[in-house]
Every structure is written in structure tokens, then in C-alpha cells.
Amino acid sequence: MDQKSNEMEMEMAMVHLAKPEINEQIEEYKVYTRRYIMASFFAFSTICSSMMFSTCNPIASVLAAVYDIPTFVVSLAANGFLLMHPLLTFVQTFIVNQTDISVSLKIGCALTLLGALIRTATIITERFYTVILGSLIAGMGRPFIINIQANVAKEWFRPEDKTTVMIAFSFIITCSSVFGVIVPGQIFKGYQYETDPDNGKWLTGELMVIELEIFSAILIPAILFFRPSPPTPPGPINKYRDEFTYMQSLKITAKNKNFLLLFVCYSLLMGGFHALAVVISYLFNPFGFTPSQTSFIQSSPIVCGFVSSVMYSILIRKYHLNHKKIVLFNLIPVLASLGLSYFALMTESLPLVLICYSVLGFFVIPCIPLQLELACKVLHPINQTIAVGFLLAGVHIWSFVFGEILSVITHDQNKTQAFYGCLLLFLSFLAAAICFSRVKLPKEEEEEEATQVNQSTQDGI
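For what it's worth, the numbering used here labels the leading residue of the sequence shown as 30, then goes sequentially.
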């Protein structure tokens, strides 16, 4: 009895000793008011990067005529920008693992500014290659900015706010290119190459200077004032990720089947969405749509995506909806709108085309953050920068490859080529849906294994 009582006293003493540590750990969790400032720096840096990508997209056919170059060369400004992301992703993830997210963001902002500065040289050279070169330099900075979105959400915001913040960040990353569409649309509004061929190069130079001024006003403060991770986290942190070296993390990632399926799905889905933005003017020109109408239609998915992102963030937070089921449900109207888009173009009806692309944006944009979160879950406890960085790298690779394929197919800008372009876009999204349906989350795998064990036990009996 004495021995048992002694053991009980020792256990009670251990509990009392542990309690202060637990309370002390809970007290360490803290959120800072400046988290909104840090999130704003990230968001506005992302907007500048996306504007660099989309500058030439709505005026691609005009630029091809002004500089007397093929349309696929004009597309290199956007596609080359996207290609830089996968090439620099390994460097970016290594730097974040060795330093912190503030170093990554500042490098990305500096490269974006340098690229914007190089593009302004087109005023002097009157050659389009300076625009392409500047886009490549700015593209090198993109992974240093957008790959840290999950880290900013987790390190600065409460765990219960993470999904909402991720939805907001993903919406900004995807839809901020609308600003890059609006500005050139306004600069070239009413311009006709046939009546004023010499003024096109001057307008292009003016566009590049205006965007440099915008970027300087936003990115220089971000470089100066963006802070590293807060002194104390807002919630439990992943203590296991530091046990893996960078090479071990890469090996684990490469062997994770569910992550690889998500990688393919996300690449096909969002890569196709970006490629559509690159060639949209080539698809619309055969049906008589003007550059201003094209810009208007291209902005409709952004507006509808904003509405759906707000709606889904509220529903997920309130009802704890299953992320995978939401994505699967959303892919149905996405495929339907893409399948009908060519027939809407054939009618040459602005409202019908607008409806198709509005539905596309409404349902596809909320899928972006949900898939990123699912990737972080299936790859846990590996650093989230690797999960997000690799998925975005896949998007940019497919965007470049698919964008160039679509540019070549639709270079003559006739209705037959527009049909094949729309068909390829539909097939890319369909393949993405098939891959995503085969993804199994950790809980689903555990349930399947338990079912198999029960089945084998029953067979044995």
C-alpha cells in the first residue's frame, strides 16, 4: 500500500510540475496588431507581381502589329515570366528554410522593381525584347513573394483564421492580375494601329513608366518595413519540421502519392486558367470582340471570384465544410462553363460569353486556397513553403507550356483555331478533375486501412 501511495504522490507531483509549463506555453501564444500591416505588404507585393504578368495580355494582338512580331513572341513576356517561377522555387524554399520569410519577400520585391525598370527601356530602344527581358527578371522574383503565403497566414494569424486568410491571399494572387489588365486597356483605349502606327510604341513606353511608378510606391515600403516572423506564434507551431534536412524534405515530398496527384491537378487547373489569360485576345478576336470588351470579360471572373471567396470563407468557418467535397462540387460547373464557352463565342453575344466566364471564375477561384491547404495537410509535417512552392511551380510550368501551345494553335486568330483552343482548355480542366478525385486525405487513408483490416478479419473468420 505504501508503495502504491508513493507512486500516486509522484504522479500528482509530476502533474503539478507539468501544469505551469502548459500554462506558460499557452500564454506564449499571441497575435500582434501589426499582422494586418504584414498581410497588406504581402498582398500589395503580390498585386505588383501579377500586374507584371498580365500587362501585355489584353493588348497582345495590338503589340504584335506595332512591333511587327509574331503573336507567340508577344506571349513570351507573360509565359517567360511564368517559367521563372519553377526555376527559382528550389532557391526560394532553401532560403526560407535557412532564414525567414522577410528575406524572401524583400528579394522578390527587389527583382520585381528591377524588371519593371528594365521594361521602361523600350522607350529608348523601341524594341519589344526589353519588355520580355524585364518580365523575365520580374518573374524570378515571383516565387520569393507568393510562395510564403501559407507561412504568413500561419505565423501571423490564429489557427482558426488561417483558412480565411489563405482564401483572401489566394484570391489576391489569382485575381490581382485584373489591375494589369485594366491599366493597358485604358492606355490603349481607342487606339487603332491602322490609323496611327507610329504612336503604338510611345503608348507602350508610357504604360511601362506608369507601372514602374506604381510599383515603386508599393514595393519600396515593403522592402523597408516588412518584418520577420513574430517573436511568439499565434498558435501551436510544427516542431517536427526542423527535424528534417532540406534534402530529406524533398525526398519525402517526391514519394508522397497524394501530394503528387494534387501537384498534377493544381498544375492543370490553375495552369490552364493562367494560359487562358495569355491567349484570351486570340480566342475573342475572330468573333469581333474589341480589346476593351476582352478586358471587360477577362475581369468578370475576378469580380465573381471575389464574391464566391467571401461566401466560401464564411461558410467554411461557420459550418466546417469538407475542403475536398467543396472542390469536387465546384469542378462540375467549371467544366460546364468551359464546355459551353465556344458556343457562346459563336453567338458573338457579349452577355452569354460574360455569363460563361463569370461562372468559371465564381467556382474555380475558391478551389485555389482549398487545394493549397490540402497539399499542406497531406505533406505534414514538411515545411509549408515546400508544399505551396512546388504546387505553384507546377502551375507556372504548365502555364508556360500550355500558353505557348495555345498561342501557336491560335496564331492566325480564326474561328477554327479558337475552337481547338477552347477544346484543349476543357481537356486540361477535365484531367485536373480526374486527378483530384483520386486524392486521399490522411483520414480517408486511415478509414480505408481500417475497412481493409475489418474485411480481412471477417474473411478469416
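Heads up, the beta-carbon is just placed ideally off N, CA and C, and yes, glycines get one too.
Query                                                                                                                    : Result
Assigned secondary structure, glutamate 402 (DSSP; H/G/I helix, E/B strand, else coil)                                   : helix
Three-state class that DSSP yields for valine 60 in the structure shown                                                  : coil
Beta carbon of leucine 140 nearer than 8 Å to that of isoleucine 166                                                     : yes
For leucine 403 and histidine 440, believed in contact at Cβ under 8 Å, the rounded distance                             : That pair is no contact at about 37 Å.
Where the alpha helix (DSSP H) through proline 491 begins and ends                                                       : Past the edges of the chain, shown from 30 to 490, lies residue 491, and the structure says nothing about it.
CB-CB length for alanine 106 against cysteine 85, believed under 8 Å                                                     : 5 Å
Burial state of asparagine 412 (16 or more Cβ within 10 Å)                                                               : buried
Spatial distance of phenylalanine 208 from methionine 80 (CA atoms)                                                      : 6 Å
Valine 307: first and last residue of the uninterrupted alpha helix (DSSP H) it sits in                                  : 286 to 313
Option nearest leucine 253 by Cα separation, candidates Gln215, Met276, Arg156 and Phe71                                 : Phe71
Of the residues Val210, Val132, Ile196 and Glu189, the one placed nearest phenylalanine 173, counting alpha carbons only : Val132
Counted within 10 angstroms of its Cβ, other Cβ atoms place histidine 425 as buried (16 or more) or exposed              : buried
Phenylalanine 71 (DSSP reduced to helix, strand or coil)                                                                 : helix
Burial state of isoleucine 331, where buried means 16 or more other Cβ atoms lie within 10 Å                             : buried
Alpha carbon of asparagine 285 to alpha carbon of proline 115, nearest angstrom                                          : 19 Å
Check whether threonine 149 and methionine 276 have beta carbons under 8 Å apart                                         : no
DSSP state of phenylalanine 217 mapped onto helix, strand, coil                                                          : coil
Through-space distance from leucine 453 to leucine 297, alpha-carbon basis                                               : 11 Å
C-beta atoms of phenylalanine 448 and tyrosine 386 nearer than 8 Å                                                       : no
Rounded C-alpha distance that separates leucine 381 from leucine 143                                                     : 41 Å
Cβ shell of glycine 390 (< 7 Å), same chain only, five flanking positions each side left out                             : Ser329, Pro330, Ile331, Cys333 and Gly334
beta-carbon phenylalanine 244 near the ligand FAD non-hydrogen atom, thresh 7 Å                                          : Because no ligand of any kind appears in the structure shown, any question about the ligand FAD cannot be addressed here.
Any 3 or more C-beta pairs closer than 8 Å across the region 202 to 222 and the region 83 to 101                         : yes
CA-to-CA distance, serine 74 to leucine 241, given in whole angstroms                                                    : 13 Å
Supposed close pair valine 363, phenylalanine 458 - CB separation, criterion 8 Å                                         : 6 Å
Whole-Å CB distance - phenylalanine 157 paired with leucine 111, under 8 Å assumed                                       : At roughly 18 Å, the Cβ-Cβ gap does not stay under 8 Å, so phenylalanine 157 and leucine 111 are not in contact.
Alpha-carbon spacing of tyrosine 61 relative to methionine 67, whole angstroms                                           : 10 Å
Euclidean distance between Cα positions of tyrosine 295 and threonine 224                                                : 44 Å
Candidates Phe316, His303 and Gly234: closest to glutamate 433 by CA position                                            : His303
Where the alpha helix (DSSP H) containing serine 378 begins and where it ends                                            : That residue, serine 378, is in no alpha helix (DSSP H); it is neither H nor E in DSSP.
Proximity below 8 Å, CB of serine 338 to CB of isoleucine 130                                                            : no
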